[in-house]
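*Asks:* Mind looking over this structure? Questions follow.
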């Protein structure tokens with residue numbers, strides 16, 4: 153590391169190096185742990201009320217359905233703290249769940265606050281099954297249409313047995 157100032161003390165240089173290394177690690181790891189997911193989900197729930205929605209779907213996806221997401225598209229990671237490459241969160245007014253495949257069950261348990269989100273292995277409990285047991289007639293489940301394939305959106309719509317989806 154090069155210093156722009158002159159006559160820096162060795163102690164200050166060590167301190168600045170330490171800060172730089174910490175910043176580099178947080179950049180590599182993405183979010184600073186622990187994720188403030190409870191506060192973020194609370195804010196999402198307030199917006200659900202404002203939008204007259206009963207729930208919202210947050211996948212690991214971007215509008216291109218690519219395998220690798222840019223940081224600006226890591227919505228699930230930002231909301232929940234989960235850093236895996238496959239998962240979906242369903243946030244309802246009073247319940248929240250994260251669904252991951254078997255590769256990520258231990259990782260999710262380490263990264264996600266289980267007091268806020270219930271974690272499911274997708275082979276044991278599918279998002280479709282969970283949502284069909286939690287959402288009621290007349291409830292509206294929101295989603296961002298740019299983040300879902302047509303088949304994925306239709307599968308969730310079928311699970312809700314509703315025609316009142318909102319984009």
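In our numbering, the protein residues as written are 153 to 319.
For every residue, glycine included, the Cβ atom is placed at its ideal position computed from N, Cα and C.
#1: Measuring only the C-alpha atoms, how far is residue 281 from residue 198?
#2: Kindly indicate the opening and closing residues of the alpha helix (DSSP H) around residue 311.
#3: Measuring alpha carbon to alpha carbon, tell me which residue in 205, 260 and 188 is nearest residue 289.
#4: Would you mind sorting residue 170 into buried or exposed? The rule is 16 or more other CB atoms within 10 Å of its CB.
#5: Using only the alpha-carbon positions, how far apart do residue 300 and residue 306 sit?
#6: Given residue 211, which residues of its chain have a CB within under 7 Å of its CB, disregarding the five upstream and five downstream residues?
#7: Tell me whether residue 270 sits in a helix, a strand or coil according to DSSP, three-state version.
#8: Mind reading off the beta-carbon distance from residue 252 to residue 236? Whole number of angstroms is fine, and I expect it under 8 Å.
#9: Are the beta-carbon atoms of residue 271 and residue 260 separated by less than 7 Å?
#10: Could you tell me the boundaries of the beta strand (DSSP E) in which residue 244 lies?
#11: Who does residue 264 pair with in a DSSP beta bridge?
#12: Is residue 294 helix, strand or coil by DSSP?
#13: If you draw a straight line from the alpha carbon of residue 213 to that of residue 165, how long is it in whole angstroms?
*Replies:* Once the coordinates are examined:
#1: In a straight line, the C-alpha of residue 281 is about 25 Å away from that of residue 198.
#2: Boundaries of the alpha helix (DSSP H) around residue 311: 302–312.
#3: Of 205, 260 and 188, the residue nearest in Cα terms is 205.
#4: The residue in question, residue 170, is exposed, as its Cβ has fewer than 16 Cβ neighbours within 10 Å.
#5: One C-alpha to the other measures close to 9 Å.
#6: Excluding residues within five positions, the ones whose Cβ falls inside 7 Å are 228, 240, 299 and 300.
#7: Strand, per DSSP.
#8: Their Cβ separation, rounded to whole angstroms, is 6 Å, which keeps residue 252 and residue 236 in contact under 8 Å.
#9: Yes, the pair counts as a contact, with Cβ atoms nearer than the cut-off.
#10: Element bounds for residue 244: 239–244.
#11: Paired residue(s): none; residue 264 is not in a bridge.
#12: Here residue 294 sits in strand by DSSP.
#13: Cα to Cα, residue 213 sits roughly 41 Å from residue 165.
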